[in-house]
Amino acid sequence: MSVPVDPVFLRVAAGSLAAACDEMGEVLVRAAHSANIKERRDCSTGLFDPAGEMTMQAEHIPVHLGAMPAAVEALLGESHAPGDGWMLNDPYTGGTHLPDITVVTPIFTANGDSLGFAACRAHHADVGGDAPGSMPADSTRLDQEGVVIPPTRFAHGGKIDHAVLDAITRQMRNPAQRTADLRAQLAACRRGESRVREFADRYGADAYREALAAVLDYAERQTRAGIAALADGEYAAEDFMEDDARGTHDLSLRLKATVTGDRLTLDFTGSDAQHEGNLNCPLAVTLSACYFAVRVLTAPDVPACAGAYRPVEVIAPPGTLLNAQPPAAVAGGNVETSSRVADLVLAAFGRAQGQGTMNNFTLGNERFTHYETLGGGQGACPDAPGPSAVHVAMSNTLNTPVEALELEFPLRVREYALRRASGGHGAQPGGDGVVREIEALETIEWSLIAERRRYAPRGAAGGGDGTPGRDFAAGEAVAGKARGRLTAGQTLRIETPGGGGHGHF
149 MSVPVDPVFL RVAAGSLAAA CDEMGEVLVR AAHSANIKER RDCSTGLFDP
199 AGEMTMQAEH IPVHLGAMPA AVEALLGESH APGDGWMLND PYTGGTHLPD
249 ITVVTPIFTA NGDSLGFAAC RAHHADVGGD APGSMPADST RLDQEGVVIP
299 PTRFAHGGKI DHAVLDAITR QMRNPAQRTA DLRAQLAACR RGESRVREFA
349 DRYGADAYRE ALAAVLDYAE RQTRAGIAAL ADGEYAAEDF MEDDARGTHD
399 LSLRLKATVT GDRLTLDFTG SDAQHEGNLN CPLAVTLSAC YFAVRVLTAP
449 DVPACAGAYR PVEVIAPPGT LLNAQPPAAV AGGNVETSSR VADLVLAAFG
499 RAQGQGTMNN FTLGNERFTH YETLGGGQGA CPDAPGPSAV HVAMSNTLNT
549 PVEALELEFP LRVREYALRR ASGGHGAQPG GDGVVREIEA LETIEWSLIA
599 ERRRYAPRGA AGGGDGTPGR DFAAGEAVAG KARGRLTAGQ TLRIETPGGG
649 GHGHF
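Under this note's numbering, the first residue of the sequence shown carries the number 149, and numbering increases by one thereafter.
This is the structure in structure tokens:
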């Protein structure tokens, strides 16, 4: 049942929640030590009600939309006290993939009544495992990808338990940097706590809780209206993941979308089973991709909260690629398979596809680690061309600036440019990809997890497909999922895909 709240107060509440999440993000970015967080901003922040429903998320990383709520849900059965801080990254207990560590803190009034939770998720530059950067292209088990952290309390009464924290970070490369980034996450959550308490002190705790419920109801109404504007009926799409790291076979994903009035069902029955590689998705990641695509199709400006997803049902049978079960490896599922899920939903409703990959690569040795994703071409819309050189769909990060990359790491950027004419032709052309070539200044290991190297991003309504990506290590062509070593003077070159065009040229 909708909560009756004055419309002006609803706008004030929604704006206050959004501002608090934005401020949490700024605290995290400014306090973090790793380039992956402070430069690329690979992180998300959010606020949750006492029942664990997400009441607001900052406009950070779409792949975290449906995944952070799973992390908070994993902690609901625990005992909480003021000043507590929790961390986790287990993909099968509220996480996504292991480098994404979530920190959660409970929020209380001065009288000890629960106001909910503050949470933030950040992609750490390393969490251990077989390869520097913890994104091995050829992993087959979760433990090869790093340290698995179940829900763990690492702060009590406002103070960090260094014994607990050190026991976890010493299993990772550069543990001092990992500790600094986790402290930054804790500080971000503390800022969220303080802003929530300020709101509750000003308007009253009951008014705060009513505001949370009203924001959720408002988002639900807006999304239902957006779905109702779509034509009733069934829509279908099929696409593939490129399983070349294992040298076995490509993986099929199938979608049947059904619009019935103001409800939408996304049914992935018929998709391939989870596989021996790391393109497997925990259900929370699949939900994130679906929620992002639904938001694009229906109400892009609606508050990013749990209410917006109430009219959406997602069916992904357990044991399939989109609802993987432990101990399946998941490093690529969070970043690549999630992108394909978004592609499927958008394609089913006639949208041209963007690059459909994050072009993930890690570089490092025992002295340093660096993780990067690269932009590419976005798919065109019916009334506008696709933008070039942007992070598409499930990624909303920045690149690491050339100056920061060369200052902090033993790397030199040899080329960074648009990949001209890689977007699909059409009445509205797709966006172009990018070229980035990096030279190693000392011996390093590299790992690449990328898609759309064989299956091009599709155009729509007669528009042409985008150009698939290409990759080269030490001058030799390599598959989109590969790992190896560079010695000083050798280069890694990545040419990212263009987006599909829309309409006949």
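All C-beta atoms in this analysis are idealised placements derived from N, C-alpha and C, irrespective of residue type, glycine included.
Since we're looking at a predicted model, the values are computed, not measured.
* Which of the three DSSP states, helix, strand or coil, is assigned to L284? -> One detail in the question is off: residue 284 reads as Pro in this sequence, not Leu. In the three-state reduction of the DSSP assignment, P284 falls in the coil class, being assigned neither a helical nor a strand state.
* Short check: CB of R618 to CB of I586, under 8 Å? -> Not a contact, by the Cβ cut-off of 8 Å.
* How is the alpha helix (DSSP H) around A636 delimited, first residue to last? -> In the DSSP assignment, A636 falls outside any alpha helix (DSSP H), carrying neither H nor E.
* Could you pull the start and end residues of the alpha helix (DSSP H) that L313 belongs to? => Here the alpha helix (DSSP H) through L313 covers 310 to 317.
* Give the straight-line distance between the Cα atoms of R515 and P645, rounded to the nearest whole angstrom. => Pairing R515 with P645, the inter-Cα distance amounts to about 32 Å.
* From A377 to A604, what distance separates their C-alpha atoms? -> Roughly 30 Å separates the two Cα atoms.
* Give the DSSP-derived three-state secondary structure of F416 in the structure shown. => Coil.
* Asked: When the Cα atoms are used, what is the spatial distance from Q501 to H539?
  -> Spanning the two alpha carbons is a distance of roughly 13 Å.
* Asked: If you scan the stretch 310 to 392 from start to end, which runs of the beta strand (DSSP E) of 3 or more residues do you find wholly inside it?
  -> Whole beta strand (DSSP E) segments, 3+ residues: 381 to 389.
* Is the distance from the Cβ of A421 to the Cβ of K404 below 8 Å? -> No, the pair does not count as a contact, with Cβ atoms beyond the cut-off.
* Asked: Does at least one heavy atom of the ligand NAD sit under 7 Å from the Cβ of Q576?
  -> The ligand NAD is not part of this structure, which contains no ligands at all.
* Asked: Where does P155 fall in DSSP's three states?
  -> Helix, per DSSP.
* To do: For the beta strand (DSSP E) containing P254, list its first residue and its last residue.
  => In this chain, the beta strand (DSSP E) harbouring P254 covers 248 to 256.
* Tell me N547's beta-bridge partners as DSSP assigns them. => DSSP lists no partner for N547.
* Asked: Using the rule of at least 16 other Cβ atoms within 10 Å of the residue's Cβ for burial, across every protein chain shown, is G163 buried or exposed?
  -> It counts as exposed.
* Asked: In its own chain, which residues sit with a C-beta less than 8 Å from the C-beta of T408, not counting the 5 before and 5 after it?
  -> D380.
* To do: Please classify I185: does DSSP put it in a helix, a strand, or coil?
  => I185 falls in the helix class under three-state DSSP.
* To do: Look at the alpha carbon of D410 and the alpha carbon of S570, and state the distance between them as a whole number of angstroms.
  => Straight-line Cα distance between these residues: approximately 38 Å.
* To do: Report the rounded CA-to-CA distance for L263 versus A454, giving the unit in angstroms.
  => Using only the alpha carbons, I get a separation of about 16 Å.
* Residue burial classification, D154 (beta-carbon count within 10 angstroms, cutoff 16) -> By the C-beta density criterion, D154 is exposed, having fewer than 16 other C-beta atoms within 10 angstroms.
* To do: Please name the residue, chosen from E226, M235, R269, that lies closest to N184 on a Cα-to-Cα basis.
  => Closest by alpha carbon: R269.
* Less than 8 Å separating the beta-carbons of L91 and A630? -> In the structure as shown, the chain begins at 149 and stops at 653. Residue 91 is therefore absent and cannot be evaluated.
* Asked: Taking the alpha-carbon positions, what's the E593 to T446 distance?
  -> Straight-line spacing of the CA atoms in E593 and T446 works out to 43 Å.
* Among the residues of its own chain, which have a CB less than 8 Å from the CB of M204, if the five just before and after it don't count? -> Excluding sequence neighbours, M204 sits near A162, L165, A166, A168, C169, G194, L195, V363, P451, A452, C453.
* Looking at C-alpha atoms only, which residue of V312, G294, C337 is the closest neighbour of M172? -> Of V312, G294, C337, the residue nearest in Cα terms is C337.
* How big is the Cα-Cα spacing for Q638 and A565? -> Approximately 19 Å between the Cα atoms of the pair.
* **C-beta contact flag for D329 and S436 at 8 Å** => The answer is no: Cβ separation not under 8 Å.
* What do you get for S282, buried or exposed, if any count of 16 or more other CB atoms within 10 angstroms of its CB means buried? -> Taking a 10 Å sphere around the C-beta of S282, we find 16 or more other C-beta atoms and assign the residue as buried.
* **In DSSP terms, what S486 is bridged to** => Answer is none; S486 lacks a bridge partner.
* **Proximity to R178 [Cα-Cα], best of R339, P230, F256** => Here the closest residue by C-alpha is R339.
* Which residue's Cα is closest to the Cα of Y272: L290, R289, V251? -> Reading the sequence as shown, one finds His at residue 272 and not Tyr. When C-alpha distances from H272 are compared across L290, R289, V251, the shortest belongs to V251.
* Asked: Can you tell me the Cα-Cα spacing of L511 and Y519, whole angstroms?
  -> If you draw a straight line from the Cα of L511 to the Cα of Y519, it is about 7 Å long.
* To do: Could you check what DSSP says for S570 in three-state terms: helix, strand or coil?
  => Coil.
* Determine the direct distance from the alpha carbon of H245 to that of R357, and round the result to whole angstroms. => Looking at the two C-alpha atoms, the distance is approximately 32 Å.
* **Between the CA atoms of G574 and H650 - distance to the nearest angstrom** => Within the model, the alpha-carbon separation for H650 versus G574 is close to 5 Å.
* Asked: When you compare only the Cα positions, how much space is there between G579 and C529?
  -> The straight-line gap separating the alpha-carbon atoms of G579 and C529 is approximately 11 Å.
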